[in-house]
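Report on one structure; see the data block that follows.
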Amino acid sequence: MHLRRFTLPAGVLAFAVGMVVGAGPASAASCPWMNPGQSPASRTSELLGAMSLADKVQMVTGTGEFNPTSANPEAASTIAANPSLCIPALVLNDATNGVGDQQQLTTAFPDSIALASSWDPALAEQYGAALGAEAFAKGVNVLLGPGVDIARNPLNGRNFEYMGEDPYLAGQSAAAVIEGIQSQHVIATVKHYALNDQETDRTTDSSDASERTMQEIDLPAFDAAVKAGVGAVMCSYNRINSVYACQNPYTLRDVLDEQFGFTGFVMSDWGANHSTVASADAGLEMEMPGGVGTSPEYYGSSLQTAVQDGQVSMGTLNEMVSRILYSMFRIGLFDHVPTEGAQAAATPATTPTSIAMATKVAEEGTVLLKNAGGVLPLSGPGRTIAVIGPAAGQPGATLAEQGYGSGHVPEFSYQPGVVSPLQAITARAAQAGDIVTYADGDATDDAVAAAKAADAAIVFINDVEIEGADRPDLDAHAGTCSFLDFASSNSCTYTPLDENTLVSAVAAANPNTIVVIQSGDPIAMPWVDQVRGILENWYPGQVDGDAIAPVLFGDVDPSGRLPITFPVSLSDDPLQTAAQYPGVMEAGDSVGPHSTYSEGLLVGYRWYDAEGITPLFPFGYGLSYTSFRYSGVSVTRTASGAQVSFTVTNTGSRAGADVPQVYVGDPPAVGEPPEQLKGFRRVSLAPGQSETVTIALDPMSFAYWNTQSQTWTLSAGTYRVMVGSSSSDIAGQGSVALPGMNLGG
Ligand code: BGC
2 MHLRRFTLPA GVLAFAVGMV VGAGPASAAS CPWMNPGQSP ASRTSELLGA MSLADKVQMV
62 TGTGEFNPTS ANPEAASTIA ANPSLCIPAL VLNDATNGVG DQQQLTTAFP DSIALASSWD
122 PALAEQYGAA LGAEAFAKGV NVLLGPGVDI ARNPLNGRNF EYMGEDPYLA GQSAAAVIEG
182 IQSQHVIATV KHYALNDQET DRTTDSSDAS ERTMQEIDLP AFDAAVKAGV GAVMCSYNRI
242 NSVYACQNPY TLRDVLDEQF GFTGFVMSDW GANHSTVASA DAGLEMEMPG GVGTSPEYYG
302 SSLQTAVQDG QVSMGTLNEM VSRILYSMFR IGLFDHVPTE GAQAAATPAT TPTSIAMATK
362 VAEEGTVLLK NAGGVLPLSG PGRTIAVIGP AAGQPGATLA EQGYGSGHVP EFSYQPGVVS
422 PLQAITARAA QAGDIVTYAD GDATDDAVAA AKAADAAIVF INDVEIEGAD RPDLDAHAGT
482 CSFLDFASSN SCTYTPLDEN TLVSAVAAAN PNTIVVIQSG DPIAMPWVDQ VRGILENWYP
542 GQVDGDAIAP VLFGDVDPSG RLPITFPVSL SDDPLQTAAQ YPGVMEAGDS VGPHSTYSEG
602 LLVGYRWYDA EGITPLFPFG YGLSYTSFRY SGVSVTRTAS GAQVSFTVTN TGSRAGADVP
662 QVYVGDPPAV GEPPEQLKGF RRVSLAPGQS ETVTIALDPM SFAYWNTQSQ TWTLSAGTYR
722 VMVGSSSSDI AGQGSVALPG MNLGG
């Protein structure tokens, strides 16, 4: 047996001996750790010393999924309160696209990929705060997000819940969301740790990756979350190099605790724990959902027996409990206890602030992919605009606004006032003096007739995506999905509507055809040359109508930039073999298939650049209704690395926002991809206005993971520093010579 790793800040466990208080009624006197004047470490230590074995086991074991007798039956699970020790219940609820599960009267926010697409950490922090405030109003004090698994695979059914394909962008976005959530005294949970990059065989598959690939591609966003102070980490369903993620000593102990310095707790994904002793020793602090009968329970009474038998040491259990309590004290859960019960269930959590936030995220995250002849924004008066497609016509419907699964906010949550894109466009067109007609697209002839009779046609196409299943191909498929739970196989049923045929037919009937895509992933566009305008709208949540109308009419500049590469076709994708995806069975392993990450560091744009393959739309790409120029790129060496300065000028006639991006190219001998994102800045500029941007690049921006020394290492040499509007469009560059350096683990 191995007594684990990192210990809490000095003294936490030292206090915790022999101070058991009786189970009498709680009061400030009987719970001295309720004094907020003490440090979280002292409070943790005092409370731990007062806990019996049963108290401790209760603290690490969930009470089952949607347990009707728990503090909050609408939540994904709870840890029971312990009133005699003044410990509040932990109420754990999903999270990646709003306060979902079975909560009512919460906001269905745009999905996480839309937030990442805004490249706006300041907005992400405000969004996190809005999410945290809604959670608290519903009695939730642990949110099960954000998700930062890297979009290795464009077919992954859960990319909508994540932050794209680049570790730096994902880390920056997630860190900001975490700071926002935790400002509301709600613990954030970064998930799914780690390499949970496909839904096919998600509970048995082994993601097999080299250490360097994990360190450089899959794990840095989790490191950024830890550095942002995240209180909890959720280990994933899959195996990593043959070992289940929730009992994997490398990822949990060596990397998360020792390398990243995590002081909070790890909870299992729902049903992802497979053992008692191995998990406790490896660093799984909390089993979810727990509850005998709802899933196999390896903690609870099994853990209690293991401690009594000496298979799990009391030291290990103490550390497990301490880590949970420490996050609770540090983030303020003892001092800010939300209301539970019927009152919380009936409380509307959605607010005008949240809805404004959701609208801003949807607007800023929407990416203008094509705008031939300036077909957008629409300009009246007196025009007829044909709106086409089922996704346009359904207010607050199940069809279009969010991905499915645990991240979905149920429709019964929506408030009155939710309008469809059709309603919002009709209202905005009336102001402009335009007329809107509608065809749902089920009958192509009706859609073509509407398009022919109009000055412009806007086709809404939709792809339904779901947790628990991958997409069959890159095409957009409309339909409906049913999400049962983690243990069941989930699926979508597609409608017979062929959206590619619909777009081509409309485009043939009207030269001013604009496509609005609602999806959580890249989609193929065989009609890309047939249409004038394309907007990637992601899943905008309940504000889909209110956010798209201002973009279409130019009240708002679409300023999103792609957080994921859009390939022309799957044959260009880095995942070329079954061994890479969906994985193959290996001799001697009957648990499940292995997906081998043989593409190594070449994920997303790193692959397209290295192979010289032109994607449909590159990572970082997005147009604006105005235009920008970059000038005066200068790269200088600083004491701790380098800095790059340049000037961005709005050269067009409208106000707009741009996101200049900084990529680093290492000396060839290091074996890194040709260029990697290491900085970006969102700038809003009036017509003609310029701004000088300076971005600091710390030594880590230039480092690679040195497997031999187990450290981040800077190789001596000359590094290119490039400034561009996407990974494929570099406007200027400089270089910096750096000495070799060992940056530690
Ligand atoms: C999902 C998690 C989610 C949990 C609780 C699981 O099926 O993978 O992301 O947080 O359920 O709903």
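When we follow my numbering, the leftmost residue of the sequence shown carries the number 2, and every step to the right adds one. The beta-carbon is built from N, C-alpha and C at its ideal position, and this holds for glycine as well.
| said: My assumption, with CB atoms under 8 Å, is that Gly733 sits in contact with Phe647. Please give the rounded CB distance. | reply: As a working note, residue 733 is residue 732 in the sequence shown. As a working note, residue 647 is residue 646 in the sequence shown. About 6 Å separates the CB atoms of Gly733 and Phe647; that is less than 8 Å, so the two are in contact.
| What residues match up with Gly561 in a beta bridge as DSSP calls it? | Locating residue 561 in the sequence shown gives position 560, counting from the first residue. None, per the DSSP bridge assignment.
| Same chain only: Cβ atoms within 6 Å of Ala387, ignoring 5 sequence neighbours per side | Here residue 387 is taken as the residue at index 386 of the sequence shown, counted from 1. Thr438, Ala451, Ala452, Ala455 and Ala458, listed in sequence order.
| task | Let me know if Val585 comes out buried or exposed under the rule of 16 or more other beta-carbons within 10 Å of its beta-carbon. | result | Locating residue 585 in the sequence shown gives position 584, where the first residue counts as 1. Flag for Val585 reads exposed.
| For Gly745, which residues from the same chain have a beta carbon less than 7 Å from its beta carbon, with the 5 sequence-adjacent residues on both sides left out? | By 1-based counting over the sequence shown, the position of residue 745 is 744. Within the same chain, Gly745 has close Cβ partners Thr712 and Trp713.
| task | Drop a sphere of 10 angstroms on the beta-carbon of Met358, count the other beta-carbons inside from all chains shown, and report buried for 16 or more, exposed for fewer. | result | For the purposes of this step, residue 358 is identified with residue 357 of the sequence shown, where counting begins at 1. That one is buried.
| In chain order, which continuous runs of the alpha helix (DSSP H) of length 4 or greater are located wholly inside the stretch 369–453? | 422–433 and 445–453
| query | Under a three-way DSSP split, which group does Arg638 fall into? | reply | Residue mapping note: residue 638 aligns to position 637 of the sequence shown, counting from 1. Of the three classes helix, strand and coil, the one that applies to Arg638 here is strand, per DSSP.
| request: Count the other C-beta atoms from every protein chain shown that fall within 10 angstroms of the C-beta of Met321, then say buried if there are 16 or more, exposed otherwise. | output: On the sequence shown, residue 321 is found 320 positions in, with the first residue counted as 1. The residue is buried, with at least 16 neighbouring Cβ atoms inside 10 Å.
| According to the neighbour-count rule (16 or more other Cβ atoms, all chains shown, within 10 Å of its Cβ), is Ile292 buried or exposed? | Residue numbering aside, residue 292 sits at position 291 when the sequence shown is read from its first letter. The amino acid occupying residue 292 in the given sequence is Gly; Ile does not appear at that position. So Gly292 ends up on the buried side.
| task | Just mark Asn743 as buried or exposed, buried being the case when its beta carbon has 16 or more other beta carbons within 10 Å. | result | Position 742 of the sequence shown, counted from the first residue, corresponds to residue 743. With fewer than 16 Cβ atoms within 10 Å of its Cβ, Asn743 is classed as exposed.
| field | Euclidean distance between Cα positions of Tyr606 and Gly383 | value | Locating residue 606 in the sequence shown gives position 605, where the first residue counts as 1. Locating residue 383 in the sequence shown gives position 382, where the first residue counts as 1. The straight-line gap from Cα to Cα measures roughly 43 Å.
| query | By a C-beta neighbour count over all protein chains shown, 10 Å radius and 16 as the cutoff for buried, is Phe161 buried or exposed? | reply | Residue mapping note: residue 161 aligns to position 160 of the sequence shown, counting from 1. Phe161 should be labelled buried.
| Whole-angstrom C-beta distance between Ile535 and Ala573, which should lie under 8 Å | Here the question's residue 573 lines up with position 572 in the sequence shown. Here the question's residue 535 lines up with position 534 in the sequence shown. It should be pointed out that residue 573 corresponds to Asp in this sequence rather than to Ala. With a Cβ gap of about 19 Å, Asp573 and Ile535 do not count as contacting.
| Close beta carbons around Ala134, own chain, < 6 Å, minus the five adjacent residues each side | Position 133 of the sequence shown, counted from the first residue, corresponds to residue 134. Answer for Ala134: Gln185, listed in chain order.
| message | Between the alpha carbons of Val645 and Asp167, how many angstroms are there, rounded? | response | The sequence position of residue 645 within the sequence shown is 644, counting from 1. The sequence position of residue 167 within the sequence shown is 166, counting from 1. Each residue's Cα considered, the two are about 20 Å apart.
| message | Can you list, in chain order, the residues of its chain with a C-beta nearer than 6 Å to that of Val178? Leave out the 5 residues immediately preceding and following it. | response | In the sequence shown, residue 178 corresponds to position 177, counting from 1. So the qualifying residues of the chain are Ala125, Gly129 and Pro147.
| said: Nearest by alpha-carbon distance to Ala76: which of Arg203, Ser407, Leu571 and Thr360 is it? | reply: One-based indexing of the sequence shown puts residue 76 at position 75. Closest option to Ala76, Cα to Cα, is Ser407.
| In this structure, what does DSSP give as the bridge partners for His595? | Within the sequence shown, numbered from 1, the residue matching residue 595 stands at position 594. According to DSSP, His595 bridges with Ser207 and Val585.
| task | For Gly593, I'd like the list of residues in its chain whose CB is within less than 6 Å of its CB, leaving aside the five on either flank, ordered along the chain. | result | As a working mapping, residue 593 is identified with position 592 in the sequence shown. Cβ within range, chain order: Asp202, Thr205 and Asp206.
| query | Going by the C-beta, is Ser492 closer than 8 Å to any heavy atom of ligand 1? | reply | On the sequence shown, residue 492 is found 491 positions in, with the first residue counted as 1. Because no heavy atom of ligand 1 lies under 8 Å away, the Cβ of Ser492 does not count as near it: no.
| field | Among Leu678, Glu612 and Asp447, the one whose alpha carbon lies nearest that of Gln173 | value | Stepping through the sequence shown from its first residue, residue 173 is reached at position 172. Of Leu678, Glu612 and Asp447, the residue nearest in Cα terms is Leu678.
| Helix, strand or coil: how does DSSP classify Trp34 here? | As a first step, residue 34 must be located in the sequence shown, where it is residue number 33. Note: Trp34 maps to helix in three-state DSSP.
| said: Quick check on Ile549: does DSSP put it in helix, strand or coil? | reply: Here the question's residue 549 lines up with position 548 in the sequence shown. The answer is helix: DSSP assigns Ile549 an H, G or I state.
| said: What I want to know is whether the C-beta of Met289 ends up closer than 8 Å to one or more non-hydrogen atoms of ligand 1. | reply: For the purposes of this step, residue 289 is identified with residue 288 of the sequence shown, where counting begins at 1. Yes, the Cβ of Met289 comes within 8 Å of a heavy atom of ligand 1.
| said: Measuring straight from C-alpha to C-alpha, what distance separates Met164 and Ser31? | reply: For the purposes of this step, residue 164 is identified with residue 163 of the sequence shown, where counting begins at 1. For the purposes of this step, residue 31 is identified with residue 30 of the sequence shown, where counting begins at 1. Roughly 45 Å separates the two Cα atoms.
| Given 8 Å as the limit, is there contact between the stretch 410–429 and the stretch 86–104, that is, 3 or more CB pairs closer than that? | Counting C-beta pairs with one atom in each stretch, the stretch 410–429 and the stretch 86–104 have three or more that are closer than 8 Å, which means they touch.
| message | Between which two residues does the beta strand (DSSP E) holding Leu744 run? | response | Within the sequence shown, the letter at position 743 stands for residue 744. Residues Met742 to Gly745.
| request: Kindly list the residues whose CB is nearer than 8 Å to the CB of Ser303, restricted to its own chain and excluding five residues on each side of it in sequence; keep chain order. | output: Position 302 of the sequence shown holds residue 303. Contacts found: Thr277.
| said: Can you check which of these residues, Leu498, Ala136 and Tyr327, is closest to Ala392 by C-alpha distance? | reply: Counted from its first residue, the sequence shown places residue 392 at position 391. Of the listed residues, the one whose Cα sits closest to Ala392 is Leu498.
| For Asn1, is the classification buried or exposed, using 16 other Cβ atoms within 10 angstroms of its Cβ as the cut-off for buried? | In the structure as shown, the chain starts at 2 and stops at 746, and residue 1 therefore has no counterpart that could be examined.
| Out of curiosity, what's the CA-to-CA distance linking Ala152 and Trp34? | Residue mapping note: residue 152 aligns to position 151 of the sequence shown, counting from 1. Residue mapping note: residue 34 aligns to position 33 of the sequence shown, counting from 1. Whole-angstrom Cα-Cα distance: 43 Å.
| task | Report the option in Leu686, Ala470 and Ile426 whose CA atom is closest to the CA atom of Asn197. | result | In the sequence shown, counting from the first residue as 1, residue 197 sits at position 196. Selected option, being the one with the closest Cα: Ala470.
| So, is Gly65 buried or exposed, given that buried needs 16 or more other C-beta atoms within 10 angstroms? | On the sequence shown, residue 65 is found 64 positions in, with the first residue counted as 1. Gly65 is buried by the Cβ-count criterion.
| request: Flag this pair as yes or no: are the beta carbons of Thr367 and Thr108 separated by less than 9 Å? | output: On the sequence shown, position 366 is the one that residue 367 refers to. On the sequence shown, position 107 is the one that residue 108 refers to. The answer is no: Cβ separation not under 9 Å.
| Leaving out five residues before and five after Ser736 in sequence, what residues of the same chain have Cβ atoms less than 7 Å from its Cβ? | As a first step, residue 736 must be located in the sequence shown, where it is residue number 735. In the same chain as Ser736, and ignoring 5 residues on each side of it, the C-beta atoms closer than 7 Å to its own belong to Val636, Thr719, Tyr720, Arg721 and Val722, in chain order.
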